[in-house]
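Peer 1: The structure is given below, and queries will be raised subsequently.
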Amino acid sequence: MKARLFFSAVWALQLLLTHLALAGWHWQNPWPQPHELHDFYFVDANRGWVTGRNGTILRTTDGGATWHPQTTRTWYDISSVCFIDVNTGWVSGDYGAIMATEDGGGITALPPVGEMRVPAGFELYQNYPNPFNPGTVISYQLSAVSDVKLRIFDVLGRQVCTLVDARQGAGRYEVKWNNGRNGYGLAVASGVYFCRMEAGGVSRSMKLLLLR
Numbered sequence: 001m002k003a004r005l006f007f008s009a010v011w012a013l014q015l016l017l018t019h020l021a022l023a024g025w026h027w028q029n030p031w032p033q034p035h036e037l038h039d040f041y042f043v044d045a046n047r048g049w050v051t052g053r054n055g056t057i058l059r060t061t062d063g064g065a066t067w068h069p070q071t072t073r074t075w076y077d078i079s080s081v082c083f084i085d086v087n088t089g090w091v092s093g094d095y096g097a098i099m100a101t102e103d104g105g106g107i108t109a110l111p112p113v114g115e116m117r118v119p120a121g122f123e124l125y126q127n128y129p130n131p132f133n134p135g136t137v138i139s140y141q142l143s144a145v146s147d148v149k150l151r152i153f154d155v156l157g158r159q160v161c162t163l164v165d166a167r168q169g170a171g172r173y174e175v176k177w178n179n180g181r182n183g184y185g186l187a188v189a190s191g192v193y194f195c196r197m198e199a200g201g202v203s204r205s206m207k208l209l210l211l212r
């Protein structure tokens, strides 16, 4: 009998599939996954799906030895998945998003069921991982088309770098602060930093901790 255990790592989040065999537990990392994973569903010993952040849907047909990303029409987080047979299934996620498939996902986009709602406000989410080294991911959402600035500051209030300076539509976004570098491409020192988002006349900020 085989058991499967799924979880996300702190950084370079991965899908981990565990098989219970006579020799003990055997770990597999079949597909490096940069987004956090939320739910999984298997219809038999070989065929299954897993869902996660930013519209992530992965599919396996060999019991988890390999995983293949499925095309979706959303960047919203997908929190749950359910199938009634190998072809027919549903996923649901942020803002009431529901999508369905009648071909097992395949390589085609899953058609949306119902209209996805616009995010209710302007929000800046805690980065992950935190503390971090060398890089981290920052997520934010916009409820309307806005001029967006996302900047990093040190504890003295000095600007370190600008991650976003653009006009963007309503939705959820992610940006990476790669390797903790400033606007000149130089690595900054370990310590506390602040991320500030300005959009739609709203300002949001949060604290980040870089550990070299």
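Here the numbering used here is used: the first residue of the sequence shown is 1, the next is one more, and so on.
Even for Gly, the Cβ is constructed at its ideal location relative to N, Cα and C.
Bear in mind that the values here come from a model prediction, so they are computed numbers and not experimental data.
What are the boundary residues of the beta strand (DSSP E) that includes D154?
Peer 2: Here the beta strand (DSSP E) through D154 covers S146 to D154.
Peer 1: Alpha carbon to alpha carbon, how far is Y128 from F40? Give it in angstroms, no decimals.
Peer 2: Each residue's alpha carbon lies about 22 Å from the other.
Peer 1: Sort out for me which residues DSSP pairs T61 with in a bridge.
Peer 2: The partner list for T61 (beta bridge, DSSP) is empty, contrary to what the question assumes.
Peer 1: Can you say whether I78 is buried or exposed, counting buried as having 16 or more other CB atoms within 10 angstroms of its CB?
Peer 2: Buried.
Peer 1: Helix, strand or coil: how does DSSP classify D77 here?
Peer 2: DSSP places D77 in coil when its eight states are reduced to three.
Peer 1: Could you give the C-beta distance for R151 and L163, rounded to a whole number, given that I count them as a contact under 8 Å?
Peer 2: Sure, about 7 Å apart at Cβ, within 8 Å.
Peer 1: Which residue wins for smallest C-alpha separation from E174, given the options R59, L142, R212 and A45?
Peer 2: The shortest Cα separation from E174 among R59, L142, R212 and A45 belongs to L142.
Peer 1: Rounded to the nearest angstrom, how far is the Cβ of D165 from that of K176, given a contact under 8 Å?
Peer 2: Actually they do not touch by this definition, with Cβ atoms about 15 Å apart.
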